[in-house]
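**Q**
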Amino acid sequence: MGKFTFESLPQLRVLSNSEIELMHENAVRVLENAGVVFAYGEALDILEEAGCAVDRETQKVRFPRDLIEKCIETAPGSFDLYDRDGNYYCKFGDSQSRFNPGSSAGFMLADDGVTVRPSTVADLKLISKVAEYLPQIDFVSSSVVCEEAPGDLGSQYLYYTEMKYSKKPIIGGATDAMGVPRTFKLLEAVLGSEKNVMEKPYTIFDICVTSPMTWSHIGAQNIVDCAKRNIPIELISAQIAGASGPVTIAGCILQHTVETLAGLVLAQVVRPGLPVVYGGAPCTFNMRTMYTPMVSMEASMVTAGYALMGKYYGLPTHTYAALSDSKAIDYQAGSETARSGFIALQLGIDNISGAGGLNVIAEMSVEKMVMDAEFIGSLKHFAQGINFNEETLANDVICKVGPAGNYLKEKHTLKWYKTEHNYDNLVMNYQDRAAWKKEGGKSIFEKAKDEVAKFKEMPGMVLSDEQTARLDKAFIEVCIEAGLTKETAEDLIVKCNEA
């Protein structure tokens, strides 16, 4: 993928070529003059040695243009991802949109569609299994925060659970300063060696900036620690338009560019060539309700703008879409999921997070995740485009059948109907009313509940006994490092196994 080029930009455009160039120039100007805060001493040392102007008192870093643009050049446009077994999985950044569930939800919408309760390890275990079995979902993610996990443990319990029940690559992250080295121990236990973890990436770490223009101690340390270990990172600006970001769409895109490039420079200085995904999770601030929707049209416009910047820089891209701010599985949930998902697809965004997500991804619904997967399947079918050749154009068949004819008995129909049309539906209703009523007249939500019940009984893609023993041992060590007792660690293992 080329750098500073318009060749790879999608047809869906909210910025012209000249506006993209102006956005870059303004971002460089802000980075050179205003700077960005890095609240982590080692990051300040690294950036100062690389030629940045560092104010130790304010922790503000100002970046020279040549360093910014050099780091954009060294960041790869794509990279290989591997599964839990060390097998090649995909080329991340190949312009194919791939999907994973929402992330870090503290609550679950129960299967009655009404009750909201804290999320548990049983929920994460189920979501991991569902993500493993649904072909439309490409990655597993740290989709919920388990209430059983002690705060000092951070996100390691999430990785532990995900690795036990799915072999798909993980979109994860760390919620604490020591999260990267501790998670690395778990990855090493499953993959077999430090070399395997570093040479065959199996996870991407989400790392969030604290808007406006501040990389916290945790965020900055996570960048440095991932870069040292060659773990791909996804930099996420989650500014709120009108609150932690400018109220204007263009201003939000500019601040997003500044924040993301600052994190990218730190990563590339530590390890030139480290895979960096140009991500984001923009929200808007509703001045009437004080709510911060993530799937408003304005938030999607910010996404459309920063995705163009990421592609202009020749980087893989990420966003949150195919989710909803609704509190129920209703029309709003469906329309927002469809609109945001389709926009993200048309933008050519590489990683789209959010399936199953509700209420600014504070809540997850496994039933919605199943419904969303079906919608995602239709998006992927659309992305394949129209197969246009002499045979699919069907000129000869049309002439043969002629006026008032019928195509059902044609060999052409038999040959092409399964590939030209998408039949991968579990819950959508494509029957006439009589057939639908005969099968129980169930709503899409009721059918999704039935599918979730089936997934719950499935074992997931479990580890070998040897891998399980190594992972359990490493998890106990990580818990003890975090200040927990061995007994607490063993209890968490039991809760995961029995969930």
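Residue 545, in our numbering, is where the sequence shown stops; the numbers in between run on with no holes. Backbone N, C-alpha and C fix where the C-beta goes; we use that ideal spot for every residue, glycine too. Given the structure is predicted, the values throughout are model-derived calculations rather than measurements.
(1) Decide yes or no for the touch test of the stretch 414-421 against the stretch 373-383: beta carbon pairs closer than 8 Å, at least 3 of them.
(2) Do E413 and F491 have their C-beta atoms within less than 8 Å of each other?
(3) Quick check: what's the CA-CA separation for I264 versus D222?
(4) Could you check whether the stretch 145-164 touches the stretch 175-195, counting it as contact only if at least three pairs of C-beta atoms, one from each stretch, sit closer than 8 Å?
(5) Quick one: what does DSSP say N435 is sitting in, helix, strand or coil?
(6) From D518 to I389, what does the alpha carbon distance come to, in whole angstroms?
(7) Taking the C-alpha atoms as reference points, what is the distance between A73 and K488?
(8) Straight-line CA distance for K246 to V311?
(9) For G402, is the classification buried or exposed, using 16 other Cβ atoms within 10 angstroms of its Cβ as the cut-off for buried?
(10) Can at least three beta-carbon pairs, one atom from the stretch 422-437 and one from the stretch 279-286, be found at a separation below 8 Å?
(11) Could you check what DSSP says for E246 in three-state terms: helix, strand or coil?
(12) In the DSSP output, what is N397 paired with across the bridge?
(13) Between L425 and L369, is the Cβ-Cβ spacing less than 8 Å?
(14) Per the contact definition of three or more C-beta pairs closer than 8 Å, is the stretch 98-114 in contact with the stretch 156-167?
(15) Please state if the CB of C329 and the CB of M343 are separated by a distance shorter than 8 Å.
(16) Just to check my reading of the structure: Y366 and G387 have Cβ atoms closer than 8 Å, yes? What is that Cβ distance to the nearest angstrom?
(17) Check for me: the alpha helix (DSSP H) holding M415 runs from which residue to which?
(18) Taking the alpha carbon of T229 as the reference point, which residue from A528, E193, L170, M474 has its own alpha carbon closest?
(19) Taking the straight line between their C-alpha atoms, what separation do you get for M410 and E194?
(20) Does the separation of the CB atoms of R130 and C136 fall below 8 Å?
(21) Evaluate D478 with the Cβ neighbour count: other Cβ atoms within 10 Å of its Cβ, from every protein chain shown; 16 or more gives buried, anything less gives exposed.
(22) Could you pull the start and end residues of the beta strand (DSSP E) that K106 belongs to?
(23) Leaving out five residues on either side along the sequence, give the residues of the same chain with a beta carbon under 7 Å from the beta carbon of V233.
(24) Is there contact here, the stretch 293-300 with the stretch 257-272, by at least three beta-carbon pairs under 8 Å?
(25) Quick one: give me the first and last residue of the beta strand (DSSP E) that P164 is part of.
(26) Taking the C-alpha atoms as reference points, what is the distance between V236 and V540?
(27) Are the CB atoms of A480 and L58 nearer to each other than 8 Å?
(28) Short check: CB of E497 to CB of V524, under 8 Å?
(29) Excluding the five sequence neighbours on either side, which residues of its own chain have a C-beta within less than 6 Å of the C-beta of A266, listed in chain order?
(30) Hey, out of E536, F50, D140, whose CA is closest to T120's CA?
**A** In short, the structure shows the following:
(1) Contact between the stretch 414-421 and the stretch 373-383 is present, because at least three Cβ pairs lie under 8 Å.
(2) Residue numbering aside, residue 413 sits at position 367 when the sequence shown is read from its first letter. Residue numbering aside, residue 491 sits at position 445 when the sequence shown is read from its first letter. Yes, they are a contact pair.
(3) Sequence index remark: in the sequence shown, residue 264 carries index 218 (1-based). Sequence index remark: in the sequence shown, residue 222 carries index 176 (1-based). Taking the straight line joining both Cα atoms gives about 6 Å.
(4) Short answer: they touch.
(5) Taking the sequence shown and counting its residues from 1, the one referred to as residue 435 is at position 389. Note: N435 maps to coil in three-state DSSP.
(6) Indexing the sequence shown from 1 puts residue 518 at position 472. Indexing the sequence shown from 1 puts residue 389 at position 343. Distance between the alpha carbons of D518 and I389 is about 42 Å.
(7) Taking the first residue of the sequence shown as 1, we reach residue 73 at position 27. Taking the first residue of the sequence shown as 1, we reach residue 488 at position 442. Straight-line Cα distance between these residues: approximately 52 Å.
(8) To locate residue 246, count along the sequence shown from 1; it is residue 200. To locate residue 311, count along the sequence shown from 1; it is residue 265. Approximately 23 Å between the Cα atoms of the pair.
(9) The sequence position of residue 402 within the sequence shown is 356, counting from 1. Its Cβ being crowded by 16 or more others within 10 Å, G402 is buried.
(10) Short answer: they don't touch.
(11) Counting from one through the sequence shown, the residue named residue 246 turns up at place 200. What sits at residue 246 in the sequence shown is Lys, not Glu. In the structure shown, K246 sits in coil (DSSP, three-state: anything other than H, G, I, E or B).
(12) As a working mapping, residue 397 is identified with position 351 in the sequence shown. The partner list for N397 (beta bridge, DSSP) reads R144, H364.
(13) Taking the first residue of the sequence shown as position 1, residue 425 is located at position 379. Taking the first residue of the sequence shown as position 1, residue 369 is located at position 323. In this structure, L369 does not lie closer than 8 Å to L425 by Cβ.
(14) The stretch 156-167 makes no contact with the stretch 98-114: fewer than 3 CB pairs, one atom from each, lie closer than 8 Å.
(15) The residue you call residue 343 lines up with position 297 of the sequence shown. The residue you call residue 329 lines up with position 283 of the sequence shown. Between M343 and C329, the C-beta gap is not smaller than 8 Å, which leaves the two residues out of contact.
(16) In the sequence shown, counting from the first residue as 1, residue 366 sits at position 320. In the sequence shown, counting from the first residue as 1, residue 387 sits at position 341. Between the beta-carbon of Y366 and that of G387 there is about 10 Å, and that puts the pair past the 8 Å contact cut.
(17) Counted from its first residue, the sequence shown places residue 415 at position 369. Its alpha helix (DSSP H) spans residues 412-429.
(18) In the sequence shown, the residue the question calls residue 229 occupies position 183. Nearest option by C-alpha distance: A528.
(19) In the sequence shown, the residue the question calls residue 410 occupies position 364. In the sequence shown, the residue the question calls residue 194 occupies position 148. C-alpha separation (whole angstroms): 17 Å.
(20) The residue given as residue 130 occupies position 84 in the sequence shown. The residue given as residue 136 occupies position 90 in the sequence shown. Not in contact: R130 and C136 (Cβ atoms no closer than 8 Å).
(21) The residue labelled residue 478 in the question sits at position 432 within the sequence shown. By the beta-carbon neighbour count (other beta carbons within 10 angstroms, threshold 16), D478 is exposed.
(22) Counting from 1 along the sequence shown, the entry for residue 106 is found at position 60. Where K106 is concerned, the enclosing beta strand (DSSP E) stretches over 106-108.
(23) In the sequence shown, counting from the first residue as 1, residue 233 sits at position 187. In the sequence as displayed, the identity of residue 233 is Leu instead of Val. Contacts found: V243, Y248, T249.
(24) No, they do not touch.
(25) What you label residue 164 is simply residue 118 of the sequence shown in a count that begins at 1. Where P164 is concerned, the enclosing beta strand (DSSP E) stretches over 162-164.
(26) Here residue 236 refers to the residue found at position 190 of the sequence shown. Here residue 540 refers to the residue found at position 494 of the sequence shown. Going by the C-alpha atoms only, they are around 18 Å apart.
(27) On the sequence shown, position 434 is the one that residue 480 refers to. On the sequence shown, position 12 is the one that residue 58 refers to. Going by C-beta atoms, A480 is not nearer than 8 Å to L58.
(28) As a first step, residue 497 must be located in the sequence shown, where it is residue number 451. As a first step, residue 524 must be located in the sequence shown, where it is residue number 478. E497 is not a Cβ neighbour of V524, given a cutoff of 8 Å.
(29) As a working mapping, residue 266 is identified with position 220 in the sequence shown. The residues F84, Y86, A89, in chain order, have a CB closer than 6 Å to that of A266 in the same chain once the five nearest residues on each side in sequence are set aside.
(30) Mapped onto the sequence shown, residue 120 falls at position 74. Nearest C-alpha to T120: F50.
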